[in-house]
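Peer 1:
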Amino acid sequence: MINRDKVPAEEILFPPGRNKRPDKIVVILRGLPGSGKSPLAKKIKDVETENGASAPRILSLDDYFLNETNEYEYEPELEESYRTSMFKAFQRTLSDGWFKFIIIDAVNAVAAYFTQYWSAAKLQGFQVYIAEINSFPEHCVTNSVHKRPLQDINQIHQKWETTPTNYIRLDLRGLFKTLP
Numbered sequence: 000m001i002n003r004d005k006v007p008a009e010e011i012l013f014p015p016g017r018n019k020r021p022d023k024i025v026v027i028l029r030g031l032p033g034s035g036k037s038p039l040a041k042k043i044k045d046v047e048t049e050n051g052a053s054a055p056r057i058l059s060l061d062d063y064f065l066n067e068t069n070e071y072e073y074e075p076e077l078e079e080s081y082r083t084s085m086f087k088a089f090q091r092t093l094s095d096g097w098f099k100f101i102i103i104d105a106v107n108a109v110a111a112y113f114t115q116y117w118s119a120a121k122l123q124g125f126q127v128y129i130a131e132i133n134s135f136p137e138h139c140v141t142n143s144v145h146k147r148p149l150q151d152i153n154q155i156h157q158k159w160e161t162t163p164t165n166y167i168r169l170d171l172r173g174l175f176k177t178l179p
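Oh and the sequence shown: position 40 is 39 in numbering that gives the first Met the number 0, straight run, nothing missing.
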């Protein structure tokens with residue numbers, strides 16, 4: 000087990016470090032809307048399969064906001080209910096035991112949102128990493144494929160809670176360089 004507070008992603012995703020990594024991993028992505036969480040989740044999935052591993056399970060809060068024509072429609076009044084549903088899906092994924100690598104793709108602005116994932120995963124013997132993607136709201140607005148307004152992103156940014164120091168953080172900067 001890696002026993003540091005910040006681990007470079009390359010250390011668990013690429014050889015030789017991946018050969019010594021924990022058997023069961025959860026990566027919890029945190030970042031403002033438009034910060035690049037979903038492309039990073041897909042990049043991690045691609046790296047895993049390129050290295051001969053099974054594809055990780057990606058649980059994305061964005062998926063809950065897709066309508067019947069597969070278009071994203073953010074409805075703030077449903078977010079809490081969708082977060083609850085996603086956590087239940089995560090618990091089922093843990094108990095099913097089919098995936099040894101799980102990625103949580105959600106804003107996770109408040110520690111309470113991701114603490115429940117951390118606790119449930121730890122109880123099932125997973126090593127949990129928190130990957131925070133720091134970005135300015137103005138940058139996120141121009142990169143957001145979901146077209147969330149600056150006012151919404153600023154509100155999320157204002158209530159942002161820092162990751163508690165007892166969590167192992169995953170440094171994704173090296174993976175940013177390889178994104179299209």
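For every residue, glycine included, the Cβ atom is placed at its ideal position computed from N, Cα and C.
For I27, tell me which candidate among G33, N18 and L39 has the shortest Cα-Cα distance.
Peer 2: Looking up residue 27 in the sequence shown gives position 28. When each option's Cα is compared against that of I27, the closest is L39.
Peer 1: Can you check whether the CB of F125 is closer than 8 angstroms to the CB of K5?
Peer 2: Stepping through the sequence shown from its first residue, residue 5 is reached at position 6. Stepping through the sequence shown from its first residue, residue 125 is reached at position 126. No, these two residues do not count as a Cβ contact at 8 angstroms.
Peer 1: Considering Y71, what are the terminal residues of the beta strand (DSSP E) in which it resides?
Peer 2: Along the sequence shown, one-based indexing puts residue 71 at 72. Careful: Y71 lies outside any beta strand (DSSP E) and carries neither H nor E.
Peer 1: Given this structure, state the Cα-to-Cα distance separating T83 from H145, to the nearest angstrom.
Peer 2: Position 84 of the sequence shown, counted from the start, is the residue given in the question as residue 83. Position 146 of the sequence shown, counted from the start, is the residue given in the question as residue 145. If you take the alpha carbons of T83 and H145, they lie about 21 angstroms apart.
Peer 1: Identify the continuous alpha helix (DSSP H) that holds S84 and give its terminal residues.
Peer 2: Taking the sequence shown and counting its residues from 1, the one referred to as residue 84 is at position 85. Element bounds for S84: E78 to D95.
Peer 1: Taking a contact to mean a Cβ-Cβ separation below 8 angstroms, would you say S59 touches D104 in this structure?
Peer 2: Here residue 59 corresponds to residue number 60 of the sequence shown, with the count starting at 1. Here residue 104 corresponds to residue number 105 of the sequence shown, with the count starting at 1. For S59 and D104, yes; Cβs fall inside 8 angstroms.
Peer 1: For Y166, report the span of its alpha helix (DSSP H) as first-last.
Peer 2: Taking the sequence shown and counting its residues from 1, one reaches residue 166 at position 167. It is not in any alpha helix (DSSP H) - Y166 carries neither H nor E in the DSSP assignment.
Peer 1: Taking the beta carbon of V140 as the centre, do at least 16 other beta carbons fall within 10 Å, making it buried, or is it exposed?
Peer 2: Within the sequence shown, the letter at position 141 stands for residue 140. Label assigned to V140: buried.
Peer 1: So V25 packs on I101, CB below 8 angstroms; how close in whole Å?
Peer 2: Within the sequence shown, the letter at position 26 stands for residue 25. Within the sequence shown, the letter at position 102 stands for residue 101. Yes, V25 and I101 are in contact; Cβ-Cβ is about 5 angstroms, under 8 angstroms.
Peer 1: Taking the C-alpha atoms as reference points, what is the distance between L15 and E47?
Peer 2: Position 16 of the sequence shown holds residue 15. Position 48 of the sequence shown holds residue 47. A small fix is needed here, since residue 15 is Pro in this sequence, not Leu. Those two C-alpha atoms are separated by around 14 angstroms.
Peer 1: Going by beta carbon distance, what residues of the same chain come within less than 6 angstroms of I1, once the five residues before and after it are set aside?
Peer 2: Translated into the one-based positions of the sequence shown, residue 1 becomes position 2. Note that I1 scores a pLDDT of 43, beneath 50, so its modelled location is shaky and nothing firm can be said.
Peer 1: Taking only runs of the alpha helix (DSSP H) that begin and end inside the segment 127–151, which ones reach a length of at least 4 residues, in chain order?
Peer 2: Runs of the alpha helix (DSSP H) inside the segment 127–151: 136–142.
Peer 1: Give a yes or no on whether the C-beta atoms belonging to L93 and A120 are separated by under 8 angstroms.
Peer 2: Taking the first residue of the sequence shown as 1, we reach residue 93 at position 94. Taking the first residue of the sequence shown as 1, we reach residue 120 at position 121. Yes, they are a contact pair.
Peer 1: Using only the alpha-carbon positions, how far apart do P55 and F64 sit?
Peer 2: Against the sequence shown, residue 55 aligns to sequence position 56. Against the sequence shown, residue 64 aligns to sequence position 65. Rounded to the nearest angstrom, the two C-alpha atoms are 21 angstroms apart.
Peer 1: With H, G and I counted as helix, E and B as strand and the rest as coil, what does DSSP make of E9?
Peer 2: Working through the sequence shown from its first residue, we reach residue 9 at position 10. Three-state result, E9: helix.
Peer 1: Distance check for Y71 and L149, CA to CA, integer angstroms please.
Peer 2: The residue labelled residue 149 in the question sits at position 150 within the sequence shown. The residue labelled residue 71 in the question sits at position 72 within the sequence shown. Rounded to whole angstroms, L149 to Y71 spans 17 angstroms at the Cα level.
Peer 1: Could you check what DSSP says for L31 in three-state terms: helix, strand or coil?
Peer 2: The residue given as residue 31 occupies position 32 in the sequence shown. Note: L31 maps to coil in three-state DSSP.
Peer 1: F100 lies in the beta strand (DSSP E); which residues open and close that run?
Peer 2: The residue you call residue 100 lines up with position 101 of the sequence shown. Residues F100 to D104.
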